[in-house]
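Visitor: Please see the structure below; I have some questions.
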Amino acid sequence: MITVRAPGKVILYGEHAVVYGEPALAMAINKYVYVTAKARDDGKININARDLRLAGISVTILENGEVVARTDYGAVISALSYVKRAIEVAMGYIDKKVGVDLMIQSEMPVGAGLGTSAAVAVATILAYIKELGYDIDKRELARLAWQVEKDVQGAASPTDTTMATFGGIMYVKPEGGNAIMEPVKPGANIPLIIGYTPRVSTTKDLVAMVRRRYEAMRDVIEPIIRSIGIITRKGKEALERGDLELMGILMNINHGLLDALGVSTRQLNEMVYAARNAGALGSKLTGAGGGGCMIAISDRIEVEKAIELIGGSVLRAGLDIEGARVLNPG
Ligand code: MEV
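For the sequence shown, numbering that gives the first Met the number 0 assigns the number 0 to the initial residue and increments by one for each residue that follows.
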């Protein structure tokens, strides 16, 4: 039996633009998805994932080797599609199809924009491969998990899967089918407050909506995306210098541009402004938007209270530096 954990993340700058080849700057957080895998000898895959609201779902491997996910209601639940695809990809990697019991738990709100789907993909692939006695290096693990996100969502950047695999603070730039990754050393401790509300749209839908606007009004949307890319490069330099004030200003501009792309919500905007009014140096939505998470540069309790007053929940999280890790080796 193998247990693996993989961290969630917040994107400091660059979400959505990163899908169009611009860089993103992201930070892994010390909140984790845990996957425990135990091989079975009957070719079945049982998934117990109470935190994903998927308890008691079983997945059957058909004779032709295709993995088909069925719930009690015959519907395929969205979060399960990441688990299902991750198992298929892991099976492809070791070129073996063996049944397994999987237990999946999350310390983070699922589907809130903290990268839980990427953490699920990374941890499931690593747990499956390790449980069957194989090894995988982290670059390959990140590549396979990115493939899972692309297959399930239709389009995805390597940001979330890179963070869930490697941890730390990373400047990620997609280059063709590859991800250029540069670990970033912050010049100062970055005090971050994370606020979240329930999501009203999925990452897949939001990425598709931005794509439709891009296709329909490329002359309007393209400059917004390029501006976000410039903000991310400047944000990285500010982070390296420990210039929190400039980081805050850049976050505010980044949020305005994400709102212009149409991925913010009234409640996210209210949380973002409440945080600024309570003294945060800067604030923005983080992740895909459509509800979900925002971040603020601040360590002030007043900022947390202001977010809660708007109806948001506050998550206290620090930096993860390890990325995906097997918890019980050997
Ligand atoms: C989601 O955390 C970030 C997006 O940029 C999508 C992606 O990078 O795949 C919205």
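Idealized CB from N, CA, C, for every residue including glycine.
Below 7 Å between beta carbons: does that hold for GLY7 and LEU113?
Guide: yes
Visitor: Rounded to the nearest angstrom, how far is the Cβ of ASP41 from that of GLY98, given a contact under 8 Å?
Guide: The C-beta separation of ASP41 from GLY98 comes to about 6 Å, placing the pair in contact by the 8 Å criterion.
Visitor: Using only CA atoms, which one of GLY175, VAL151, THR164 and PRO173 lies nearest to LYS203?
Guide: For LYS203, the closest of GLY175, VAL151, THR164 and PRO173 by C-alpha to C-alpha distance is VAL151.
Visitor: Could you pull out every residue in the same chain whose Cβ sits closer than 7 Å to the Cβ of GLN146, ignoring the five residues on either side in sequence?
Guide: VAL88
Visitor: Would you call ASP319 buried or exposed, if buried means 16 or more other Cβ atoms sit within 10 Å of its Cβ?
Guide: buried
Visitor: Identify the residues that DSSP records as bridge partners of ALA178: which are they?
Guide: PRO173
Visitor: Please confirm whether any heavy atom of the ligand MEV lies closer than 6 Å to the CB of ALA178.
Guide: No, the Cβ of ALA178 stays beyond 6 Å of every heavy atom of the ligand MEV.
Visitor: Write down every uninterrupted run of the beta strand (DSSP E) in the stretch 153-238 whose length is 3 residues or greater and which is fully enclosed by it, in chain order.
Guide: Runs of the beta strand (DSSP E) inside the stretch 153-238: 168-174, 177-182 and 191-196.
Visitor: Looking at THR161 and VAL32, is the spacing between their C-beta atoms short of 7 Å?
Guide: no
Visitor: Using the Cβ count rule (16 or more neighbours within 10 Å means buried), how would you classify ARG315?
Guide: exposed
Visitor: Got a sec: does the ligand MEV put a non-hydrogen atom nearer than 6 Å to the Cβ of ALA155?
Guide: yes
Visitor: Check TYR133 in the structure and name its three-state DSSP category.
Guide: coil
Visitor: Taking 8 Å as the cut-off, does the stretch 98-111 touch the stretch 160-174 (at least 3 CB pairs, one atom from each stretch)?
Guide: no
Visitor: With a threshold of 16 other CB atoms inside 10 Å of the CB of ASP218, please say whether the residue is buried or exposed.
Guide: Looking at its Cβ environment, which holds fewer than 16 other Cβ atoms inside 10 Å, ASP218 is exposed.
Visitor: Going by the CB atoms, is the gap between LYS149 and ALA141 shorter than 7 Å?
Guide: no
Visitor: From ILE93 to ILE128, what distance separates their C-alpha atoms?
Guide: 7 Å
Visitor: Thinking just about the alpha-carbon of each residue, which of ALA27, ARG4 and THR231 is nearest to the one in ALA122?
Guide: ARG4
Visitor: Counting C-beta neighbours from all protein chains within 10 Å, is the total for ASN253 16 or more, i.e. buried, or is it exposed?
Guide: buried
Visitor: What is the rounded straight-line gap between the Cα of GLU16 and the Cα of MET246?
Guide: The question names Glu, but residue 16 in the sequence shown is Ala. Their Cα atoms are separated by approximately 18 Å.
Visitor: Assign MET246 to one of three DSSP states: helix, strand, or coil.
Guide: helix
Visitor: Checking the sheet assignment: what are the DSSP bridge partners for THR285?
Guide: CYS292
Visitor: Just curious, the beta strand (DSSP E) that TYR19 is in, first and last residue?
Guide: Premise fails: TYR19 is in no beta strand (DSSP E) and is neither H nor E.
Visitor: What does the alpha-carbon distance come out to for the pair VAL109 and GLU214?
Guide: 30 Å
Visitor: Sorted by chain position, which residues of the same chain lie with C-beta nearer than 8 Å to LEU249's C-beta, five sequence neighbours on each side aside?
Guide: TYR12, ILE230, LYS233, GLY234, ALA237 and GLY281
Visitor: Are there any heavy atoms of the ligand MEV lying less than 6 Å away from the beta-carbon of THR196, as far as the coordinates show?
Guide: no
Visitor: Quick one: residues in its chain with C-beta nearer than 7 Å to the C-beta of ASN327, no 5 flanking neighbours on either side, listed in chain order?
Guide: Closer than 7 Å at the Cβ level, and outside the excluded window around ASN327, lie ILE1 and THR2.
Visitor: Among GLY91, GLY20, GLU14 and LEU267, whose alpha-carbon lies nearest the alpha-carbon of ASN177?
Guide: Minimum Cα distance to ASN177 is reached at GLY20.
Visitor: So ASN45 is in the beta strand (DSSP E); what residue range does that whole segment cover?
Guide: 43-47
Visitor: Leaving out five residues on either side along the sequence, give the residues of the same chain with a beta carbon under 6 Å from the beta carbon of THR35.
Guide: THR2 and MET102
Visitor: Check for me: the alpha helix (DSSP H) holding ILE306 runs from which residue to which?
Guide: 300-308
Visitor: So, at 7 Å on beta carbons, what are the nonlocal neighbours of ASP258 in its own chain, with the 5 sequence-adjacent residues on each side left out?
Guide: ASN268
Visitor: Assuming ALA36 is part of the beta strand (DSSP E), what are its boundary residues?
Guide: 23-38
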